[in-house]
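Structure below.
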């Protein structure tokens, strides 16, 4: 089956996907984004679909997993935002100057340490830090899952070594 035939086949199930996406997201725009992401992934991984099997089930699984992964990413981001909003303004005023200076030095050192990592380590590490799961990174970079895990582990070790001066220091 060529790409155009496969595209026509999955397009026939768009309305079914639309109903599920709307049920998941509760918002028409978010549902449309979810369907678009699902269709892109279906086309990208069309070679893994076995002809004669349940295309609806396959598409639904992609849609559901895409929604869950995006939900997890957003939950991580929300958690950081919520924790930052809970910091009292009095505490911020008291420590802003000192933390700002120390923070800028630390961020400069972290960015420098990340730049010193080989691309083979830094790209998977940054993707993982952004909230992507190991298998998503492996798919995106087209490398084995074990390689992704190893490279992230090695990146952590290298960063620890380069940033060990901050390990003993506590920012109070």
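Numbering (full-length UniProt numbering), first residue to last: 1 to 172. Note that the Cβ used here is the ideal one computed from N, Cα and C, for glycine as well.
Same chain only: Cβ atoms within 6 Å of residue i, ignoring 5 sequence neighbours per side
{"i": "residue 148", "result": "124, 134, 137 and 138"}
{"i": "residue 128", "result": "152"}
{"i": "residue 89", "result": "Residue placement at residue 89 is flagged as unreliable, the pLDDT there being 49, under the threshold of 50; a coordinate-derived value is accordingly withheld."}
Under 8 Å between C-beta atoms of residue i and residue j
{"i": "residue 43", "j": "residue 31", "result": "no"}
{"i": "residue 56", "j": "residue 107", "result": "no"}
{"i": "residue 46", "j": "residue 111", "result": "no"}
{"i": "residue 230", "j": "residue 73", "result": "With the chain represented from 1 up to 172, any question about residue 230 goes unanswered, as that position is not in the structure."}
{"i": "residue 121", "j": "residue 145", "result": "no"}
{"i": "residue 6", "j": "residue 60", "result": "no"}
Span of the alpha helix (DSSP H) around residue i
{"i": "residue 27", "result": "That residue, residue 27, is in no alpha helix (DSSP H); it is neither H nor E in DSSP."}
{"i": "residue 153", "result": "145 to 162"}
{"i": "residue 134", "result": "134 to 141"}
Helix, strand or coil at residue i according to DSSP, with G and I counted as helix
{"i": "residue 117", "result": "coil"}
{"i": "residue 53", "result": "coil"}
{"i": "residue 12", "result": "coil"}
Own chain residues within Cβ distance below 7 Å of residue i, not counting five before or after
{"i": "residue 109", "result": "163"}
{"i": "residue 18", "result": "31 and 35"}
Integer-rounded CB distance, given that residue j should sit under 8 Å from residue i
{"i": "residue 10", "j": "residue 39", "result": "6 Å"}
{"i": "residue 28", "j": "residue 41", "result": "Actually they are not in contact, since the Cβ atoms of residue 28 and residue 41 sit about 20 Å apart, beyond 8 Å."}
Close Cβ partners of residue i (< 8 Å) along its chain, the five nearest in sequence each way excluded
{"i": "residue 14", "result": "35 and 39"}
{"i": "residue 140", "result": "127 and 132"}
{"i": "residue 117", "result": "125, 155, 158 and 159"}
{"i": "residue 66", "result": "34, 37, 38 and 41"}
Cutoff 8 Å: residue i Cβ touching any chain B Cβ
{"i": "residue 13", "result": "The structure shown has no chain B; it contains just one protein chain."}
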